[in-house]
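Accompanying notes for the structure given below.
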Amino acid sequence: MAIDQAFIIQQIKKKETLYAAFCMNTKMPFIICDPDTYNDQVWIFDGEDELKKFVEEYAQKKYLIRGAKMEQKQFGGFFASLYTLDVNEIVYVSDDAVSKIALSDLVKRLDFSNLPPLQRPVENPSLQLSGLYFMQEATRQIPNEEKKNLSELNEEFSANLAAARYIVAVIPKEGPGTLPEKLQQHEFSVPVLNMKNGKKFVPCFSDQFEYDKFRQNQKLLELAVPLPGLMQYAGKDTDGFMLNPMGMSMVLTKELIEALVKAFPDRIQEGIQKANEIVRQAQEYAKKTSAIRKNAPDKKPEEKRKEVPVSHLPGHSKVLTPSFASRGRAEKEAAPAPVYRPVKKVPKEQEPSGKQPDSASTKQPEE
Numbered sequence: 001m002a003i004d005q006a007f008i009i010q011q012i013k014k015k016e017t018l019y020a021a022f023c024m025n026t027k028m029p030f031i032i033c034d035p036d037t038y039n040d041q042v043w044i045f046d047g048e049d050e051l052k053k054f055v056e057e058y059a060q061k062k063y064l065i066r067g068a069k070m071e072q073k074q075f076g077g078f079f080a081s082l083y084t085l086d087v088n089e090i091v092y093v094s095d096d097a098v099s100k101i102a103l104s105d106l107v108k109r110l111d112f113s114n115l116p117p118l119q120r121p122v123e124n125p126s127l128q129l130s131g132l133y134f135m136q137e138a139t140r141q142i143p144n145e146e147k148k149n150l151s152e153l154n155e156e157f158s159a160n161l162a163a164a165r166y167i168v169a170v171i172p173k174e175g176p177g178t179l180p181e182k183l184q185q186h187e188f189s190v191p192v193l194n195m196k197n198g199k200k201f202v203p204c205f206s207d208q209f210e211y212d213k214f215r216q217n218q219k220l221l222e223l224a225v226p227l228p229g230l231m232q233y234a235g236k237d238t239d240g241f242m243l244n245p246m247g248m249s250m251v252l253t254k255e256l257i258e259a260l261v262k263a264f265p266d267r268i269q270e271g272i273q274k275a276n277e278i279v280r281q282a283q284e285y286a287k288k289t290s291a292i293r294k295n296a297p298d299k300k301p302e303e304k305r306k307e308v309p310v311s312h313l314p315g316h317s318k319v320l321t322p323s324f325a326s327r328g329r330a331e332k333e334a335a336p337a338p339v340y341r342p343v344k345k346v347p348k349e350q351e352p353s354g355k356q357p358d359s360a361s362t363k364q365p366e367e
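In full-length UniProt numbering, the protein residues as written are 1 to 367.
What follows is the structure, given as structure tokens:
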């Protein structure tokens, strides 16, 4: 007789500690696609003994996995963050059973549809999921010819990179001028990650969770831009971008971005349209709220003082989405990606993935 799911969920929530399987190369939860249901799973464990058996099993398959211990107060945040990875199932391993639980039964997905368009957090669950699957397989310690589905994973990840919106952090210069004017005139600096090999990358992020892990207490302004829009924040003396430096740490060179723009024009256009749709919705929302305020009776001074600004999550700043237009221009032949390859030729020097930046600084982009 199957154990009641509600009982298992209550047992999980009452635990003082749990362990989750993490991929050492992505620094993210290790994700498994169920061969029968095709559910995307993350495995959690009641104790270290169960975790150790799992790690040893996958070590035989040449995956590098470690355990992450979680306290009870961290459970909610951990499970909620899995929605940004497109995970839909939790596998819970205890000393006497293995149970599969829908993520939605453990924690509900937050609904941001009622928030103003520019205050809805950026999410790219398909990008995260395909990227983690690709990185898990690409960094597996076996010969490349034995990685049977690497090409398909590469194709899916590349297409999702082309269609995504990214968060970029900037620090506008102090002084006169509006924010749009400062962005247009490049009157801002950006954080720069300095690697030991001398290369420099601007951090970019797939979603709010990844951005918050990097930002912490820094005073940064976040912008949401499609892939072609990243280039205006790179500067001439950087080597490109690092996607999710606190997570998968995927290097996106300038040449790779140009290659993706050339290889996936439909997905690029999809990303641009998505960004411009947010702008359109924001403009409509501004008109509606302006009309409502215009027709509303004047509030007393004490009522105005009680108003609280709305934010999409505690501590998060507003996400601004500039408007973009696709530009038809001749593209030069681009070099392939450092870790995965959207084109056939492989460069002699490749930038290793999964590396933490050695230091961070700020840099003013050059036009």
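In this text, a Cβ means the ideal position worked out from N, Cα and C, and glycines have one as well.
DSSP three-state label for residue i, please.
i, result
"E351", "The predicted model places E351 with a pLDDT of 41, which falls under 50 and marks its position as unreliable; any figure quoted below should be read in that light. Three-state result, E351: coil."
"V261", "helix"
"V346", "Confidence at V346 is low in this model, with a pLDDT of 34, below 50, so the placement of that residue should be treated as unreliable; the coordinate-derived value is given next. In the structure shown, V346 sits in coil (DSSP, three-state: anything other than H, G, I, E or B)."
"S249", "coil"
"K287", "helix"
"M231", "helix"
"P117", "helix"
"R66", "strand"
"S94", "coil"
"P29", "strand"
"K101", "According to the sequence displayed, residue 101 carries Ile and not Lys. In the structure shown, I101 sits in a strand (DSSP, three-state: E or B)."
"Q10", "helix"
"V202", "strand"
"D4", "coil"
"F22", "strand"
"Q279", "Checking the sequence shown, residue 279 turns out to be Val, not Gln. DSSP places V279 in helix when its eight states are reduced to three."
"E175", "First, the amino acid is wrong: residue 175 is Gly here, not Glu. Coil at G175, not helix or strand."
"K294", "helix"
"N144", "helix"
"D237", "coil"
"K108", "coil"
Quick check on the DSSP output: the alpha helix (DSSP H) that includes residue i runs from which residue to which?
i, result
"V87", "Careful: V87 lies outside any alpha helix (DSSP H) and carries neither H nor E."
"Q128", "125-138"
"E209", "Here the sequence assigns Phe to residue 209, which means Glu is not the residue at that position. Per DSSP, F209 belongs to the alpha helix (DSSP H) from 208-215."
"E181", "179-184"
Just to confirm the assignment, what range does the beta strand (DSSP E) spanning residue i have?
i, result
"L153", "Taken as a continuous stretch (DSSP letters only), L153 belongs to no beta strand (DSSP E), being part of the alpha helix (DSSP H) at 150-163."
"V55", "That residue, V55, is in no beta strand (DSSP E); its alpha helix (DSSP H) goes 48-59."
"Q41", "40-45"
"L243", "240-243"
"L193", "188-194"
What does residue i pair with, by DSSP beta-bridge criteria?
i, result
"K17", "Here the sequence assigns Thr to residue 17, which means Lys is not the residue at that position. T17 is bridged to E71."
Worksheet item: Just checking, does the segment 152-165 make contact with the segment 73-86 on the three C-beta pairs under 8 Å criterion?
Response: no
Worksheet item: Does the segment 267-284 come close enough to the segment 164-173 that 3 or more CB-CB pairs lie under 8 Å?
Response: The count of Cβ pairs closer than 8 Å, one atom from the segment 164-173 and one from the segment 267-284, reaches three, so the stretches are in contact.
Item to complete: Inspect the CB distances between the segment 134-150 and the segment 186-194 and report whether three or more fall short of 8 Å.
Response: no
Worksheet item: For the segment 28-38 against the segment 5-17, are there 3 or more C-beta pairs whose distance is under 8 Å?
Response: Contact fails: fewer than three Cβ-Cβ distances are below 8 Å.
Worksheet item: Are three or more beta carbon pairs between the segment 43-60 and the segment 91-111 nearer than 8 Å?
Response: yes
Worksheet item: Does the segment 110-130 come within contact of the segment 59-75, defined as at least 3 CB pairs closer than 8 Å?
Response: These segments do not touch.
Worksheet item: Can we say the segment 169-177 touches the segment 278-293, given the rule of at least three CB pairs closer than 8 Å?
Response: no
Item to complete: Would you check if the segment 258-266 and the segment 201-208 touch, i.e. whether three or more CB-CB distances between them fall below 8 Å?
Response: no
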